[in-house]
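Peer 1:
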Amino acid sequence: MKFYSRRWTWILYGLAFLFLAGGAVAALLIWQARSSSTQEFLDPSAAGDVAIAVLDNTASIAEDWMAPDLPNDLASLTIKQQESLALLAGEVERTEELTAEVEGGRVDEDRESLQNLLEALVLISRAQVSLERGLGELGNLLATLQPLDAAEAAYTRGRETLFAAVESHNHAAASGSTSFGTAIQEASSAAAALQESLASLETVKLEGLDLGAGTSTVAGLESTAQRFVEACRRGESNDVEGHNSLMAEVQEELSASPASILASIDLSTWLRPDVEGFIQPVLEELAEARDLLIG
834 MKFYSRRWTW
844 ILYGLAFLFL
854 AGGAVAALLI
864 WQARSSSTQE
874 FLDPSAAGDV
884 AIAVLDNTAS
894 IAEDWMAPDL
904 PNDLASLTIK
914 QQESLALLAG
924 EVERTEELTA
934 EVEGGRVDED
944 RESLQNLLEA
954 LVLISRAQVS
964 LERGLGELGN
974 LLATLQPLDA
984 AEAAYTRGRE
994 TLFAAVESHN
1004 HAAASGSTSF
1014 GTAIQEASSA
1024 AAALQESLAS
1034 LETVKLEGLD
1044 LGAGTSTVAG
1054 LESTAQRFVE
1064 ACRRGESNDV
1074 EGHNSLMAEV
1084 QEELSASPAS
1094 ILASIDLSTW
1104 LRPDVEGFIQ
1114 PVLEELAEAR
1124 DLLIG
């Protein structure tokens, strides 16, 4: 009995030893991994590379707004602005982390190079703040253009309803009827929607933004809807010639009407001076930071 007790005691001692040894090995491996990672980050060239990568990414976000092919519709511009802010937030965080490492003395660098790195990080951070502020103001500006979306939606609804009115008219005429009540009702609804579109356009009063073409398009189609009603009434009063000639004009005008009014509003060109106004200083600060990092 004592023999078995001793044997189990030694087995338990052995298992405990293996457990402790395994833990020690695991701890050593973790320490080596962390040490290796830290040493890689502490390398001065690595710190400089991280700074340049952050700078390049920040510059890319800014330069993307200087591209000649900016979106011309409000929805795409808004999405682009939000995506830029999200990307910028990541670069701001990286800049803050790297700055903390450098200021904490964790980068082994000579005094002059360390000073250049710190100054470059300050410039990068300042450029990021300016870019974030500019993008925020751009978002506010885009928000003031929201009535354009309402105008577009009302225009689309009015145009589609007027097409439905034409279909109702043609169906009645094909059956030999001169009662166009359904078509008149639909055309009146179309005219009301187009008047709503005009009202939304009139609320947008921003210097330099030319809404003339869009306003003219909506007003023209609203007039077409009213003339369509007049053509139907002539048909109901047996003025066949007057009905036919006016209806032909109306249907031709409707077919020629653009599917969108926003296509006639050059948002990207109008925004260009504002965008360049806050992007250019950002790029200049980043260029100065680059000189410090690679000089």
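When we follow my numbering, the leftmost residue of the sequence shown carries the number 834, and every step to the right adds one.
We treat Cβ as the ideally placed atom computed from N, Cα and C, and that holds for glycine.
This structure is a prediction, so every number in the text was calculated from the model and none was measured.
Consult DSSP for Thr1011 and reduce its assignment to one of helix, strand or coil.
Peer 2: As a working note, residue 1011 is residue 178 in the sequence shown. If DSSP states are grouped into helix, strand and coil, Thr1011 belongs with coil.
Peer 1: Take the Cβ of Ala900 as the centre, count every other Cβ of all protein chains shown within 10 Å, and call the residue buried at 16 or more, exposed below.
Peer 2: The residue given as residue 900 occupies position 67 in the sequence shown. With fewer than 16 Cβ atoms within 10 Å of its Cβ, Ala900 is classed as exposed.
Peer 1: Rounded to the nearest angstrom, how far is the Cβ of Thr1011 from that of Asn1071, given a contact under 8 angstroms?
Peer 2: Along the sequence shown, read from residue 1 onward, the residue named residue 1011 stands at position 178. Along the sequence shown, read from residue 1 onward, the residue named residue 1071 stands at position 238. Going by Cβ atoms, the distance from Thr1011 to Asn1071 rounds to 7 angstroms, so yes, they are a contact pair.
Peer 1: Can you grab the Cα-Cα spacing for the pair Glu896 / Phe1111, in whole Å?
Peer 2: Counting from 1 along the sequence shown, the entry for residue 896 is found at position 63. Counting from 1 along the sequence shown, the entry for residue 1111 is found at position 278. One C-alpha to the other measures close to 11 angstroms.
Peer 1: For the alpha helix (DSSP H) containing Met1080, name the first residue and the last one.
Peer 2: For the purposes of this step, residue 1080 is taken as the residue at position 247 of the sequence shown. Note, Met1080: alpha helix (DSSP H), Val1073 to Ala1089.
Peer 1: Buried or exposed for Asn949, going by 16 or more other Cβ atoms inside 10 Å?
Peer 2: Looking up residue 949 in the sequence shown gives position 116. Buried, because 16 or more other Cβ atoms sit within 10 Å of the Cβ of Asn949.
Peer 1: Comparing C-alpha positions only, which one of Val883, Ile912 and Arg959 sits nearest to Glu930?
Peer 2: Counting from one through the sequence shown, the residue named residue 930 turns up at place 97. Taking only the C-alpha atoms, the option nearest Glu930 is Val883.
Peer 1: Taking a contact to mean a Cβ-Cβ separation below 9 angstroms, would you say Leu921 touches Gln961 in this structure?
Peer 2: For the purposes of this step, residue 921 is taken as the residue at position 88 of the sequence shown. For the purposes of this step, residue 961 is taken as the residue at position 128 of the sequence shown. Yes.
Peer 1: At what residues does the alpha helix (DSSP H) containing Trp1103 begin and finish?
Peer 2: Here residue 1103 refers to the residue found at position 270 when the sequence shown is read from its first residue. Its alpha helix (DSSP H) spans residues Leu1100 to Ile1127.
Peer 1: Counting only the same chain and skipping the five closest in sequence on each side, list residues whose C-beta sits under 7 angstroms from that of Ile885.
Peer 2: Position 52 of the sequence shown holds residue 885. Result list for Ile885: Leu1126, in chain order.
Peer 1: Tell me whether Leu1039 is buried or exposed, calling it buried when 16 or more other Cβ atoms sit within 10 Å of its Cβ.
Peer 2: Working through the sequence shown from its first residue, we reach residue 1039 at position 206. Under this definition Leu1039 is an exposed residue.
Peer 1: Would Thr928 be called buried (16 or more neighbouring beta carbons within 10 Å of its own) or exposed?
Peer 2: Along the sequence shown, one-based indexing puts residue 928 at 95. It counts as buried.
Peer 1: Is the beta carbon of Gly991 closer than 9 angstroms to that of Ala1016?
Peer 2: Taking the sequence shown and counting its residues from 1, one reaches residue 1016 at position 183. Taking the sequence shown and counting its residues from 1, one reaches residue 991 at position 158. Not in contact: Ala1016 and Gly991 (Cβ atoms no closer than 9 angstroms).
Peer 1: For Pro901, name the three-state secondary structure that DSSP assigns.
Peer 2: Position 68 of the sequence shown, counted from the start, is the residue given in the question as residue 901. Pro901: coil per DSSP, three-state reduction.
Peer 1: Taking all protein chains shown into account, do 16 or more other C-beta atoms lie within 10 angstroms of the C-beta of Leu862, making it buried, or fewer, making it exposed?
Peer 2: The residue labelled residue 862 in the question sits at position 29 within the sequence shown. Low per-residue confidence applies at Leu862: pLDDT is 40, beneath 50, and the placement is therefore not dependable, though the value from the model is reported in the following sentence. Per the 10 Å Cβ criterion, exposed.
Peer 1: Excluding the 5 residues flanking Ala854 on each side, which residues of the same chain have their C-beta closer than 6 angstroms to its C-beta?
Peer 2: Here residue 854 corresponds to residue number 21 of the sequence shown, with the count starting at 1. Any reading at Ala854 must be qualified, since the residue scores a pLDDT of 46, below 50, and its modelled position is unreliable; no value is offered.
Peer 1: From Leu1131 to Gly969, what distance separates their C-alpha atoms?
Peer 2: Residue coverage of the chain in this structure runs from 834 to 1128, which leaves residue 1131 outside it and unanswerable.
Peer 1: Quick one: grab the DSSP three-state call for Gly1068.
Peer 2: On the sequence shown, residue 1068 is found 235 positions in, with the first residue counted as 1. Note: Gly1068 maps to helix in three-state DSSP.
Peer 1: Pair every Cβ in the stretch 1060 to 1068 with every Cβ in the stretch 1026 to 1034, then say whether three or more of these pairs are closer than 8 angstroms.
Peer 2: Judged by Cβ distances under 8 angstroms, the stretch 1060 to 1068 makes no contact with the stretch 1026 to 1034, as fewer than three pairs qualify.
Peer 1: What does a CB cutoff of less than 8 angstroms around Val887 pick up in its chain, not counting 5 residues either side in sequence?
Peer 2: As a first step, residue 887 must be located in the sequence shown, where it is residue number 54. Cβ within range, chain order: Glu924, Arg927, Thr928, Leu931 and Ile957.
Peer 1: To the nearest angstrom, how far is it from the Cα of Ala857 to the Cα of Glu934?
Peer 2: Translated into positions along the sequence shown, residue 857 becomes position 24. Translated into positions along the sequence shown, residue 934 becomes position 101. The predicted model places Ala857 with a pLDDT of 46, which falls under 50 and marks its position as unreliable; any figure quoted below should be read in that light. The alpha-carbon atoms of Ala857 and Glu934 are separated by roughly 29 angstroms.
Peer 1: When we look at the beta-carbon of Ala919 and count the other beta-carbons within 10 Å, is it buried (16 or more) or exposed?
Peer 2: Locating residue 919 in the sequence shown gives position 86, counting from the first residue. By the neighbour-count rule (16 or more Cβ atoms within 10 Å), Ala919 is not buried but exposed.
Peer 1: First and last residue of the alpha helix (DSSP H) that includes Val935?
Peer 2: The count along the sequence shown starts at 1 and reaches residue 935 at position 102. Taken as a continuous stretch (DSSP letters only), the alpha helix (DSSP H) holding Val935 covers Leu907 to Glu936.
Peer 1: Measuring CB to CB, does Leu1054 end up less than 9 angstroms from Leu1100?
Peer 2: Here the question's residue 1054 lines up with position 221 in the sequence shown. Here the question's residue 1100 lines up with position 267 in the sequence shown. Contact flag unset, no.
Peer 1: Out of Thr1036, Glu965, Gln1059 and His1002, which one is the CA nearest neighbour of Thr891?
Peer 2: Counting from one through the sequence shown, the residue named residue 891 turns up at place 58. Checked all of Thr1036, Glu965, Gln1059 and His1002; the closest Cα to Thr891 is Glu965.
Peer 1: Look up Val1037 in the DSSP assignment and say whether it is helix, strand or coil.
Peer 2: Sequence index remark: in the sequence shown, residue 1037 carries index 204 (1-based). Here Val1037 sits in coil by DSSP.
Peer 1: Just to confirm my understanding: we take Thr812, look at its own chain, exclude 5 residues before and 5 after, and list those with CB closer than 7 angstroms. What are they?
Peer 2: Residue 812 lies beyond the stretch modelled for the chain, which goes from 834 to 1128, so this question has no answer here.
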